[in-house]
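Undergrad:
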Amino acid sequence: MRNPIQKRLEHFETWQHLAFMLCLCERMYPNFQLFCQMQDKMQDSKVYHNILNLVWEYLTVKGAKINFESQLEKLEAIIPDINEYDSYGVIPAADACEGLSQVLHTIISGSSLEQAILVSKLSLQTVASLLETEQDRTLNEKELKESAEIQQELDVQWLIYRTLNEAEERDVELLLSLKNELREEAVSNIGIKIDL
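If you're matching positions, the sequence shown starts at 20 in this note's numbering and goes up one per residue.
(1) Closest to LEU183 by C-alpha separation, out of PRO23, ASN22 and LEU41, would be which residue?
(2) Determine the direct distance from the alpha carbon of ASP100 to that of LEU149, and round the result to whole angstroms.
(3) In chain order, which alpha helix (DSSP H) runs of at least 4 residues are fully inside the segment 30-104?
(4) Here's the rule: buried if 16 or more other CB atoms are within 10 angstroms of the residue's CB, otherwise exposed. What is GLU185?
(5) Let me make sure I understand the geometry here. Which of MET61, PHE51, GLU76 and GLU203 has the alpha-carbon closest to that of LEU37?
(6) Here's a check: name, in chain order, each residue in its chain whose Cβ is nearer than 8 angstroms to the Cβ of GLN134, leaving out the five neighbours to either side.
(7) Do the segment 48-65 and the segment 190-208 make contact, defined as three or more Cβ pairs closer than 8 angstroms?
(8) Buried or exposed: which applies to PRO111, given that a residue is buried once 16 or more other Cβ atoms fall within 10 Å of its Cβ?
(9) Taking 8 angstroms as the threshold, find out whether the segment 57-73 comes into contact with the segment 87-101 through three or more Cβ pairs.
(10) What residues are listed by DSSP as bridge partners for VAL206?
(11) Does DSSP put TYR216 in a helix, in a strand, or in coil?
(12) Can you tell which of HIS30, GLN56 and ALA167 has the C-alpha that lies nearest to the C-alpha of LYS212?
(13) Check for me: the alpha helix (DSSP H) holding ASP174 runs from which residue to which?
(14) Classify GLY210 as buried or exposed, calling it buried when 16 or more other Cβ atoms lie within 10 Å of its own Cβ.
(15) Hey, GLY118 and VAL138: beta-carbon distance below 7 angstroms or not?
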């Protein structure tokens with residue numbers, strides 16, 4: 020599904036791409052946490068959350084030294100194999116891991132636009148796959164675009180984009196307020212709410 024936001028991301032600097040992706044990963048985290056809860060793997064949930072914290076630190080603390088190759092290894096060790104589980108929850112959980120993996124690859128390799136577009140699409144795809152699972156059929160682009168859930172996801176992505184777009188330079192206060200807002204809300208892109 021095409022998303023007009025993806026074209027606008029071309030004008031962002033790397034730190035804005037990273038912050039955009041990180042915000043979407045924050046929103047996907049409850050999906051992973053719920054999966055871990057159901058599968059008795061809360062340690063995996065802590066690993067994911069810790070990596071999120073380290074990327075925020077990298078974005079907001081000048082000169083933060085973090086070995087992201089080793090963080091990527093830790094993340095890869097907790098990505099659930101969707102073929103090993105019968106429950107639907109493994110799909111949004113795997114998507115959440117894929118999103119965070121793209122963030123780490125961006126930091127390691129330095130290319131950020133493609134990854135930012137990919138994470139934007141991925142978050143929308145998670146919502147689309149839930150709708151298709153609930154309705155037990157494939158939805159066309161028009162049906163997806165008209166659904167309240169996809170609209171809401173697009174609205175949130177636009178809101179994050181606009182907030183970052185207004186920043187002239189890397190604004191630590193702005194980044195921390197974005198992080199805190201998403202964490203306090205603690206609701207995922209598919210409506211999963213977690214208790215903090």
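C-beta atoms are modelled at their ideal positions from N, C-alpha and C, and glycine is treated no differently.
TA: Well, looking at it:
(1) LEU41
(2) 18 angstroms
(3) 33-57, 61-79 and 87-97
(4) exposed
(5) GLU76
(6) HIS36, MET40, GLN121, VAL122, HIS124 and THR125
(7) yes
(8) buried
(9) yes
(10) LYS212
(11) The structure shown does not extend to residue 216, since the chain is modelled only from 20 through 215, so no value can be given for it.
(12) GLN56
(13) 167-184
(14) exposed
(15) yes
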